[in-house]
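*Asks:* Sequential numbering of the sequence shown, starting at 20, is according to the numbering used here.
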Amino acid sequence: MTKSFFLSAPFRPFFFFTAIMAVAIPTFWVSIFTGHLDLETLFSTSLVWHAHEMIFGFTSSLLAGFLLTASAVWTKKNPFSGYKLISLLALWVLERIFYLLPVPIPVALGTSALFSLLFLFFMTNILWGNRRNFKTVLPVLLLFFIFKFFLLVGDFSSHDFLYRMGIHGGIFSIVLFIVIFSGRLIPFFTKVRLQTEIKEPTWAHYLSLGAHILLIFCVRGLIPDFVTAALLFLALFSNLIRFYFWKPSQALKEPMLAILHSGFLWVNFGLFLYLLTTLYPDLDYSQLSLHALGTGALGVFSIGMMVRVTRGHSSLKMQSDAWDLAAFICVNIGALTRVFIPLLIPEYYWNSLHWASGFWTLGFIIYLFKYTNVLFKK
Numbered sequence: 020m021t022k023s024f025f026l027s028a029p030f031r032p033f034f035f036f037t038a039i040m041a042v043a044i045p046t047f048w049v050s051i052f053t054g055h056l057d058l059e060t061l062f063s064t065s066l067v068w069h070a071h072e073m074i075f076g077f078t079s080s081l082l083a084g085f086l087l088t089a090s091a092v093w094t095k096k097n098p099f100s101g102y103k104l105i106s107l108l109a110l111w112v113l114e115r116i117f118y119l120l121p122v123p124i125p126v127a128l129g130t131s132a133l134f135s136l137l138f139l140f141f142m143t144n145i146l147w148g149n150r151r152n153f154k155t156v157l158p159v160l161l162l163f164f165i166f167k168f169f170l171l172v173g174d175f176s177s178h179d180f181l182y183r184m185g186i187h188g189g190i191f192s193i194v195l196f197i198v199i200f201s202g203r204l205i206p207f208f209t210k211v212r213l214q215t216e217i218k219e220p221t222w223a224h225y226l227s228l229g230a231h232i233l234l235i236f237c238v239r240g241l242i243p244d245f246v247t248a249a250l251l252f253l254a255l256f257s258n259l260i261r262f263y264f265w266k267p268s269q270a271l272k273e274p275m276l277a278i279l280h281s282g283f284l285w286v287n288f289g290l291f292l293y294l295l296t297t298l299y300p301d302l303d304y305s306q307l308s309l310h311a312l313g314t315g316a317l318g319v320f321s322i323g324m325m326v327r328v329t330r331g332h333s334s335l336k337m338q339s340d341a342w343d344l345a346a347f348i349c350v351n352i353g354a355l356t357r358v359f360i361p362l363l364i365p366e367y368y369w370n371s372l373h374w375a376s377g378f379w380t381l382g383f384i385i386y387l388f389k390y391t392n393v394l395f396k397k
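(1) If I measure Cβ to Cβ from Asn392 and keep anything under 8 Å in the same chain, skipping five residues before and after, which residues do I get?
(2) Skipping 5 residues on each side, what residues in its chain have a beta carbon closer than 7 Å to that of Asp303?
(3) Have a look at the DSSP bridge pairing and note the partners of Ile242.
(4) Looking only at its own chain, which residues have a Cβ that is under 7 Å from the Cβ of Ile190, when we skip the five neighbours before and after it?
(5) Three or more beta-carbon pairs under 8 Å between the region 51-69 and the region 138-146, yes or no?
(6) In the DSSP assignment, find the alpha helix (DSSP H) that holds Ala70 and state where it starts and stops.
(7) Can you tell which of Pro274, Thr380, Thr60, Ser27 has the C-alpha that lies nearest to the C-alpha of Gly120?
(8) Using only the alpha-carbon positions, how far apart do Tyr102 and Gly173 sit?
(9) Kindly list the residues whose CB is nearer than 6 Å to the CB of Thr209, restricted to its own chain and excluding five residues on each side of it in sequence; keep chain order.
(10) Do the region 219-238 and the region 186-202 make contact, defined as three or more Cβ pairs closer than 8 Å?
(11) Starting from Trp374 and walking both ways along the alpha helix (DSSP H), at which residues does that stretch end?
(12) Is Phe62 helix, strand or coil by DSSP?
(13) The alpha helix (DSSP H) spanning Lys167 covers which residue range?
(14) Report the residue from Ser63, Phe378, Leu107, Leu58 whose alpha carbon sits nearest the alpha carbon of Pro32.
(15) Within the chosen definition, does the region 264-281 reach the region 243-256 through at least 3 CB pairs nearer than 8 Å?
(16) Tell me which residues share the same chain as Phe34 and place their Cβ nearer than 6 Å to its Cβ, disregarding the 5 neighbours each side in the sequence.
(17) Run through the region 77-130 for me and flag every whole alpha helix (DSSP H) of 4 or more residues, listed as ranges in chain order.
(18) Could you name the residues of the same chain whose beta carbon sits closer than 6 Å to that of Leu372, not counting the 5 residues immediately before and after it, in chain order?
(19) Could you name the residues of the same chain whose beta carbon sits closer than 7 Å to that of Phe378, not counting the 5 residues immediately before and after it, in chain order?
(20) Can you tell me where the alpha helix (DSSP H) holding Gly185 begins and where it ends?
(21) Assign Thr21 to buried or exposed, taking buried as 16 or more other Cβ atoms, counted over all protein chains shown, within 10 Å of its Cβ.
(22) Where does Pro45 fall in DSSP's three states?
Here you go:
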């Protein structure tokens with residue numbers, strides 16, 4: 020009975036494993052990077068394994084939990100469950116395991132392809148006829164998985180440019196998802212929770228989306244830097260205009276809304292660092308930009324949405340408590356430490372890895388402590 024309820028909606032198993040990934044991968048990576056652990060994987064280096072699992076493993080689990088749950092609401096269909104959910108979850112878990120075993124590379128690639136295609140098939144089937152979400156969600160999800168295979172094939176074939184396309188495209192596909200859903204959820208939740216109407220300029224909305232779509236393809240060495248810099252500036256400018264109209268000062272009253280605002284701010288700080296790197300290559304803030312967008316924007320947006328969706332679909336009050344607030348703060352502190360310590364006091368870089376990983380993972384440990392029982396039981 021418990022098991023069947025755990026599999027009664029996509030967010031239950033996938034958010035559980037998203038949180039497990041959020042705890043396990045950074046912990047293993049810091050131990051590997053500091054020389055305390057040796058881990059053999061199918062990838063060329065443990066760094067590539069870490070990058071792939073955080074950009075594509077963690078995020079694909081989060082997207083499966085969120086999109087498959089939300090799409091049932093959008094289309095007023097029954098929750099995605101049963102053997103379909105089990106098959107998708109099993110493929111996701113198998114893919115994680117195969118990367119750590121000496122299996123033939125085609126087996127790992129095949130498992131990854133099956134998961135991606137099955138996810139896309141299920142989303143297409145659910146959203147068929149729901150024109151707005153079909154046209155918005157599916158193309159970005161398809162791009163996300165295409166870049167995933169660029170990374171895999173690039174690494175397995177030692178093709179550096181293909182690998183870099185995978186990293187860049189994967190990160191900026193995620194950023195586009197965050198921008199799309201921030202633009203929907205923040206105004207909606209502001210209206211519901213704070214009884215405040217949000218009216219942002221239409222031009223800023225479309226300029227933001229257009230710039231972010233084009234940035235997905237702005238891989239260094241493929242697109243001239245001045246084009247990338249111009250798009251980054253337009254994305255930043257339009258994002259900040261939108262953010263102003265979202266009335267962030269009022270969101271401070273509601274932690275579950277404030278966490279989404281902070282995730283959107285992380286997007287813009289990551290873009291700013293990337294713009295500086297593009298304009299002044301000697302600064303080379305590319306890794307800091309990557310972590311601002313990943314550890315910051317993705318991590319913060321993830322914990323915020325996981326708490327909100329878990330509460331909203333489990334008949335719990337849509338009001339964060341002290342545990343939720345602690346989780347939100349810990350993930351933000353982890354991201355701040357990972358980005359600002361290397362930026363401002365680089366001599367503490369090695370120590371900062373432990374601090375950043377500790378705080379960031381603690382946020383998701385709190386989620387597991389608070390919500391595992393909710394995810395498994397009615």
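Idealized CB from N, CA, C, for every residue including glycine.
*Replies:* On the basis of the data shown:
(1) Here residue 392 refers to the residue found at position 373 when the sequence shown is read from its first residue. So no residue of the chain qualifies.
(2) For the purposes of this step, residue 303 is identified with residue 284 of the sequence shown, where counting begins at 1. The answer, listed in chain order, is Thr296.
(3) Translated into the one-based positions of the sequence shown, residue 242 becomes position 223. Paired residue(s): Arg239.
(4) To locate residue 190, count along the sequence shown from 1; it is residue 171. Within the same chain, Ile190 has close Cβ partners Ile74, Leu309, Leu312, Gly313.
(5) no
(6) Your numbering for residue 70 matches position 51 in the sequence shown. From DSSP, the alpha helix (DSSP H) with Ala70 extends over 65-71.
(7) Here residue 120 refers to the residue found at position 101 of the sequence shown. Reading off the sequence shown, one finds Leu at residue 120, where the question assumed Gly. Checking every option, the nearest Cα to that of Leu120 belongs to Thr60.
(8) If you number the sequence shown from 1, residue 102 lands on position 83. If you number the sequence shown from 1, residue 173 lands on position 154. Whole-angstrom Cα-Cα distance: 33 Å.
(9) Numbered from 1 along the sequence shown, position 190 holds the residue referred to as residue 209. So the qualifying residues of the chain are Thr215, Ile217.
(10) yes
(11) As a position in the sequence shown, residue 374 is number 355, starting the count at 1. Here the alpha helix (DSSP H) through Trp374 covers 368-395.
(12) Here residue 62 is taken as the residue at index 43 of the sequence shown, counted from 1. Taken through DSSP and simplified to helix, strand or coil, Phe62 comes out as coil.
(13) Looking up residue 167 in the sequence shown gives position 148. It spans 150-175 - the alpha helix (DSSP H) in which Lys167 sits, taken as one unbroken run.
(14) Counted from its first residue, the sequence shown places residue 32 at position 13. Answer by Cα proximity: Leu107.
(15) no
(16) Your numbering for residue 34 matches position 15 in the sequence shown. Once the five neighbours on either side are set aside, the close Cβ partners of Phe34 are Gly84, Met325.
(17) Counting whole runs of 4 or more residues, the region 77-130 contains the alpha helix (DSSP H) stretches 78-94, 101-117.
(18) Stepping through the sequence shown from its first residue, residue 372 is reached at position 353. Within the same chain, Leu372 has close Cβ partners Val49.
(19) Here residue 378 refers to the residue found at position 359 when the sequence shown is read from its first residue. Cys349, Ile352, Gly353, Thr356, listed in sequence order.
(20) Within the sequence shown, residue 185 is the residue found at index 166, counting from 1. Bounds of the alpha helix (DSSP H) holding Gly185 are 179-213.
(21) The residue you call residue 21 lines up with position 2 of the sequence shown. At Thr21 the pLDDT is 44, less than 50, meaning the model places this residue with poor confidence and gives no usable figure here.
(22) Start at 1 with the first residue of the sequence shown, and residue 45 comes out as number 26. Looking at Pro45 - three-state DSSP - the assignment turns out to be helix.
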